[in-house]
Each structure stands twice: as C-alpha cells, then as structure tokens.
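All residue numbers in the sequence shown are consecutive under my numbering, ending with 1806. Cβ coordinates follow ideal geometry from the N, Cα and C atoms, glycine included. Keep in mind that this is a model prediction, so the values were computed, not measured. Below: the structure, in structure tokens.
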Amino acid sequence: MASYDVLGVGNALMDIQARVQDAMLGELGFEKGIMTLVDDEKQGAVLHRLNGQPLNCCAGGSAANTIVALAEFGGSAAFIGKIGRDEVGESFLKDMRDLGVKIDVDPTDRFRTGTCAVLITEDAQRTMLTNLGASAMLEESDIDEELIKASQYVYIEGYLLTGEKTKAAAYRAMELAKSNGIKVAFTASDPFLVNLIRDEIWDLITGPVDLFFCNEEEAKSLTGEKDPIACAATIHDHAENVALTLGPKGSIVMHGGEAFPIEGVKTQAIDTTGAGDMYAGALLYGITNGMDWRQAGHLASQASARVVSQLGARLEKKFTPEEIENLSRLG
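Shown next as structure tokens:
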C-alpha cells in the first residue's frame, strides 16, 4: 500500500490575497485576469500598495493548493518545492505540516521564498503577480525517489516548464514515477503556457502523463477544436484520463474511452482563485480513495463551486464525511 495518495511537485509560494478595484490594476499596469511574473522590485511595490488592507495569506502555488485540497478532504499527501531560509519559508512549512502534508525541503540562502500577490476584483477575476524567488531554484537533486515510490500519483504543475532548473526537476519526477510504476498527473496551468509550449505539452500527453487536467481555453488552444467534447476526445486519444473544466458549466471527465459529463453547481462566484487547483485536488482524492471517475468528478465539481463562492483558495466550509459519502453514491 502506498503511504501517500498524491505527491505534488511545484512552485512553493506564499499566497497573499486581497480585494482590489479595477482602477488599481490600471495604475499598476498589469493585465487583468492573468498571471504575470514580476521581479523583487515590482512585487515589493505591489505589496506596499496593499499595506493596511485586509489580506489572506497561506502556503500556495498551483500544485501546493491541490495538495492542500486533497489533504483537507482526508487524503494523504506529500509535496516537493523550494523555499528560502526566511520567515516566509518557515511559515510555508508550518502551514503545510499543520495540514498533515509530508514536506522535507532544503532551504536556500540565495533567494527569498516566492510570493504570489492575488488581486481579486469585484467580478471575481483574479490577477496574479508571481515572484518565484527560491521556487525557481527547484532542481533535479530535490526530487526524492523514495517519496515518489511511496505515492499512488505524482502531480506536476505546468508552470515548472517555464524555467530550466524547474523543468529538469519536473522531467526527473516524471521519469522516476514511470520507472517505478507510479501514475503521473499533469496540469496545463495556464493558457499562456499552452500557447508557449504546445508541442512540448503534446509530447507529455502522448508520453508519461496518465491524467491530464486543463480548462476549456487551454483545451481549445491545445487541440484547435471549438467544441469542448471534441477537445476532450482528441486529448483522450493520447492520454489515458482527461479532466477538462468548463467553469460554471461543469466539466468533462474521460476514462476508458468513456466521457462523463459532470454538472456545474450553481453558485455566486466572488473569487476564482484556485478553482482549478481545488478541482484537481478533489478529483485526485476521489480516484485514490475508492471513488470511480464519475463520482470523483461530482466531488470535484462541488468543491470547485464551493471555493469560488468565498475568498481564497482553501475551503472555509469543509466537506463533512457524510457529504463525501453521499457524493460517492452518485452514479
């Protein structure tokens, strides 16, 4: 039996979330609704503007958010990332360990722990300003083969493919997973990434990836198809399992040649931060804890709808064991 349901590999970032007006985004000069990489100076200026405002701070990053979601459902999880030897890094470690996540890291003295300023406007759009900091120093030597061997799935975030060192680490994790018979899950992470390295992502889908996560925009960009079902089918021709999210319209899960349309859940969205990460965490929890793919899709749909109805990437109202059990009965 595996010790961990899922091992996540990704950028270790401290998320700093704040509600802002559209005017502030204009003043800062950042495009609304996307993720932008910023240097220390720009991030410092943004955080200075947020000084005195209500902030929600917690360990984050795409894969870390997914691992947190899985852990909060009761799953067993581990995480590999890179932090700086500083107070922010210590807070990251404490936050993850308090949730029961296995995380052993070798902090670096060369860089500060990375941060992600998540600016949320009234229309629930989130603009993410990411300063990778120490997380960009994740490298092959940080990948622990014993952790991989002890897991059912290794979950890789696509953002790692944007840096030379982090890409090497991601590929090393996938290589070790496949050589040890461990499943690999991969998330496209962002439409800009798909447009940037479309061919490389296809190589992963047709190669080591067993479960591919993407949203509608990413799927359309990747396949050239206009219909979401056609997108999912095209990807499923090459990947064993596919989970394609459609925002309020729900999602499509594909497994074993079958398509499982998953209903959307009506909710009032106030913050879309981490919706995809939550979906992935819930679905991974489901398939590693006895649910079939349709049941896991229902759980993921419910979880992502709940998280967008609140501020932040973590559920304020956790799912009870009874709620999870009821969802597991859905056919």
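- Counting C-beta pairs with one atom in each stretch, the segment 1743 to 1761 and the segment 1537 to 1544 have three or more that are closer than 8 Å, which means they touch.
- Nearest to residue 1715 by alpha-carbon distance, out of 1681, 1725, 1514, 1698, is 1681.
- Pairwise C-beta distances place the segment 1503 to 1510 in contact with the segment 1603 to 1617, as three or more of them are shorter than 8 Å.
- DSSP places residue 1551 in the coil class of the three-state scheme, outside both helix and strand.
- Annotation: the continuous alpha helix (DSSP H) that includes residue 1667 extends over 1666 to 1671.
- Comparing C-alpha distances from residue 1696 to each of 1787, 1723, 1671 shows the shortest one belongs to 1671.
- CA-CA distance, residue 1523 to residue 1593, rounds to 14 Å.
- The beta-carbon distance between residue 1488 and residue 1519, rounded to whole angstroms, is 15 Å. This is too long to meet the 8 Å contact definition.
- For the segment 1482 to 1539, the continuous beta strand (DSSP E) assignments of 3+ residues that do not extend past its boundaries occur at 1488 to 1494, 1510 to 1512, 1531 to 1535, in sequence order.
- Check the Cα spacing between residue 1549 and each of 1761, 1476, 1779, 1782: the tightest is with 1761.
- At a cut-off of 4 residues, the continuous stretches assigned as alpha helix (DSSP H) that sit fully inside the segment 1595 to 1630 are 1620 to 1624.
- Between residue 1733 and the set 1557, 1717, 1651, the nearest pair of CA atoms involves 1717.
- If you compare the alpha carbons of 1639, 1521, 1789 with that of residue 1500, the shortest gap goes to 1521.
- Residue 1582 counts as buried, since at least 16 other C-beta atoms from the protein chains shown sit within 10 angstroms of its C-beta.
- If you check the CB distance, residue 1552 and residue 1617 do not come in under 8 Å.
- C-alpha of residue 1531 to C-alpha of residue 1781: approximately 17 Å in a straight line.
- Look at residue 1722 here: in three-state DSSP terms it is helix.
- Taking a cut-off of 8 Å on C-beta distances, the segment 1655 to 1670 touches the segment 1615 to 1634, as three or more cross pairs fall below it.
- In the structure shown, residue 1686 adopts extended strand secondary structure according to DSSP, grouped into three states.
- Scanning its chain for C-beta atoms nearer than 6 Å, with the 5 sequence neighbours on each side dropped, one finds around residue 1615 the residues 1643, 1644, 1647, in chain order.
- Counting the other Cβ atoms within 10 Å of the Cβ of residue 1775 gives 16 or more, which makes it buried.
- Apart from sequence neighbours up to five positions away, the residues of its chain that approach residue 1665 with a beta-carbon distance below 8 Å are 1509, 1510, 1633, 1634, 1693, ordered along the chain.
- In terms of Cβ geometry, residue 1738 and residue 1725 form a close pair [threshold 8 Å].
- One alpha carbon belongs to residue 1728, the other to residue 1798, and they sit about 21 Å apart.
- Assigned with DSSP and collapsed to three states, residue 1650 falls in helix.
- If you compare the alpha carbons of 1652, 1655, 1610 with that of residue 1636, the shortest gap goes to 1610.
- Between residue 1599 and residue 1744, the C-beta spacing is below 8 Å.
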